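Its first residue numbered 180, the sequence shown is counted upward by one per residue in the UniProt record's numbering. Note that CB positions come from ideal geometry on N, CA and C, so glycine has one too. Note that the coordinates shown come from a computational prediction; the quantities given were computed from them, not determined experimentally. Here's the structure we're looking at; comments come further down.
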Amino acid sequence: PVEPDLAGRHVVISAGGTREPLDPVRYLGNRSSGKQGYALARTAVARGARVTLVEANTGLPDPAGADVLHAGTAVQLREAVLKAAADADVVVMAAAVADFRPAEYATGKIKKKDGQEPAPITLVRNPDILAEVAGERARPEQIVVGFAAETDNVLANGREKLRRKGCDLLVVNEVGERRTFGSEENEAVVLAADGGETQVPYGPKEALADTVWDLVSSRLG
Ligand code: C5P
């Protein structure tokens, strides 16, 4: 039996990857499977939390015991997360949110025309949901957790991102040789705003999730 150290807590978790539509049949997307976010949701339920999972394009079955909301784009994910975060004790942004979206959406399918060069795609910035949630803090004692995938200078870049986003914890994955996207395993270092640094060895995504909840739990009042 797991200790219910999150009993009475409302935790909001985002999972998956946003898709930014170009026209009714095409989108810009990413390779996030959502498995780490779902592992966070399952383990939080097991530890007694009330869980709101905001999922984007995972195709995964709803985890038992969680309230699941569905979002397609970054703008939709932002709406759902901000609403759920209003009374949350903890917000964990595990979703891969597109940094940019197409500036224009074509209501009809974009056609190729003989002898014409393809039109360039112009992008605009999406809102940074993590920075917004962490900066505004719907509740002063709220704990905000972000994720970051880095390819080089993992710790230095992670520290910089933690500070820039203003979150309490940042789970940093080194992407490259090791499998992260779509895999059942993960390896990470969790950086804390108070200076802490926790290495999580390669293992099941549940183990990383439980380490995150241990660190969150010790920071909750
Ligand atoms: O800046 P970067 O995309 O590396 O940051 C990753 C973290 O920020 C993740 O926790 C992700 O969920 C969050 N994020 C966000 N809104 C964005 C981009 C990223 O909340 N537009």
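Per DSSP, Leu239 lies in no alpha helix (DSSP H) segment and is marked neither H nor E.
According to the DSSP assignment, Gly400 belongs to no beta strand (DSSP E), since it is labelled neither H nor E. For Pro306, the CB falls within less than 7 Å of some heavy atom of the ligand C5P.
Beta bridge pairing from DSSP links Gly382 with Asn365.
Assigned with DSSP and collapsed to three states, Glu339 falls in helix. Per the coordinates, the alpha-carbon of Glu258 lies some 12 Å from the alpha-carbon of Ser193. Annotation for Thr231: Val191, Asp246 and Ala263 place their beta carbon closer than 6 Å to its own, counting only its chain and skipping 5 residues before and after. For Ser193, the CB falls within less than 7 Å of some heavy atom of the ligand C5P. The DSSP-derived three-state label of Arg304 is strand. Taking the CA atoms as reference points, Arg342 sits about 17 Å from Val270. Taken from the Cβ of Asp246, every heavy atom of the ligand C5P lies 7 Å or farther away. Phe326 and Asn332 have their alpha carbons spaced roughly 16 Å apart.
Taking a 10 Å sphere around the C-beta of Tyr217, we find 16 or more other C-beta atoms and assign the residue as buried. By the C-beta criterion, the stretch 344–356 is judged not to be in contact with the stretch 295–304, since fewer than 3 inter-stretch pairs fall below 8 Å. Scanning Asn365, Lys214 and Asp393 for the CA closest to the CA of Glu182 turns up Asp393.
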